[in-house]
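**Q**
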Amino acid sequence: MASLCDVYVNDAFGTAHRAEATTCGITKYAATVCAGPLLEAELAVLHRVFSSPKKPLVAIVGGSKVSSKLSVLKFLSDKVDYLIVGGGIANTFMLAAGLPIGKSLVELDQVENALFIINSMKSRGAAVPIPVDTICAKFFDVSAEANLKLSKEVLEDDIIMDVGPETSRIFGEILDLAGTIVWNGPVGVFEFDQFANGTSFIADTIAKSKGFSVAGGGDTIAAIAKYGIEDKIGYISTGGGAFLEFLEGKTLPAVEALQLRADQ
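Counting with the numbering used here, you get residues 1272 to 1535 for the letters of the sequence shown.
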């Protein structure tokens, strides 16, 4: 491949986390290599967010499993002033905080990690705001009835589907103060309208925020599109896996390959 070009330009941030012939190998043999404007823009924004963010720095991390984003959560817990968790991830943190979660999705083997993150952030004056109320259902389906409950009153047969209005209000107050916001993942089952209020509120609050916002990940971009706020987000990353790996504090293989050539 290198023999076919005079200049190799990598402008694909979305594949920068993959160590492949087209992202890494070719940089060893092409006569001239460089980053394209999109890749440069992505890296500039993300470096800015973590190297010199306007404070307070707030991260929102949603999703179904702590285990799939544990590295992200741990990295962010050392950097941010507030770590807002949502979705199934929030259930594990709620259980770690001593709250009932009924038959909601949870990872029992990650409760200790969640508690560690809560305590480590608290020790340095940062916080993981735990939901104080929830929207529950008796079964997971688009036809399920939504029921508002205080977090401490969730029953054994309840499934937590979204955060409640008081939790949204608390999250909103935090986001209103934010100088920088990083958003990755919805805070509820926003695909079902009756459980979308939490994510809708988060989206609207970020859209109105005076802080600089960065968003990335498939579900996050879907939520941004659903609520029509694309032009209200400071920067929307084109990376899925690459965005997450950057949030883990990892060096992206494709970027490292370009840097190695630049140092030669």
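In this text, a Cβ means the ideal position worked out from N, Cα and C, and glycines have one as well. The model shown is predicted, which means the values in this text are computed figures rather than measured ones.
Please identify the residue among H1288, M1365, K1479, V1320 whose C-alpha is closest to the C-alpha of V1399.
**A** Considering only alpha carbons, the answer is M1365.
**Q** With distances taken between CB atoms, is the gap from I1452 to G1482 smaller than 7 angstroms?
**A** For I1452 and G1482, yes; Cβs fall inside 7 angstroms.
**Q** Would A1330 pass as a contact of L1347 if the rule is Cβ separation under 7 angstroms?
**A** Cβ distance < 7 angstroms, so A1330 and L1347 count as in contact.
**Q** Between which two residues does the beta strand (DSSP E) containing S1484 stretch?
**A** S1484 -> beta strand (DSSP E) spans 1483–1486.
**Q** Check each candidate in E1527, V1356, I1360, L1354 and name the one with the smallest Cα separation from V1252.
**A** Lying before the first or after the last residue shown, residue 1252 is absent from the chain, which here runs from 1272 to 1535.
**Q** What's the call for G1396, buried or exposed, on a 16-neighbour Cβ count within 10 Å?
**A** Exposed, since its Cβ has fewer than 16 Cβ neighbours within 10 Å.
**Q** Rounded C-beta distance between P1402 and G1443? I'm assuming under 8 angstroms.
**A** The Cβ separation is near 13 angstroms, so there is no contact.
**Q** For K1299, is the classification buried or exposed, using 16 other Cβ atoms within 10 angstroms of its Cβ as the cut-off for buried?
**A** Exposed: under 16 other Cβ atoms inside 10 Å.
**Q** From G1469 to G1357, what does the alpha carbon distance come to, in whole angstroms?
**A** Rounded to whole angstroms, G1469 to G1357 spans 9 angstroms at the Cα level.
**Q** Taking all protein chains shown into account, do 16 or more other C-beta atoms lie within 10 angstroms of the C-beta of S1422, making it buried, or fewer, making it exposed?
**A** Looking at its Cβ environment, which holds 16 or more other Cβ atoms inside 10 Å, S1422 is buried.
**Q** Within a Cβ cutoff of 7 angstroms, which residues of the same chain sit near F1517, ignoring the five residues on either side of it in sequence?
**A** Closer than 7 angstroms at the Cβ level, and outside the excluded window around F1517, lie L1317, L1523.
**Q** Does V1356 come out as helix, strand or coil in the three-state DSSP assignment?
**A** Strand at V1356.
**Q** Could you compute how far the alpha carbon of K1374 sits from the alpha carbon of E1427?
**A** So the two alpha carbons sit approximately 6 angstroms from each other.
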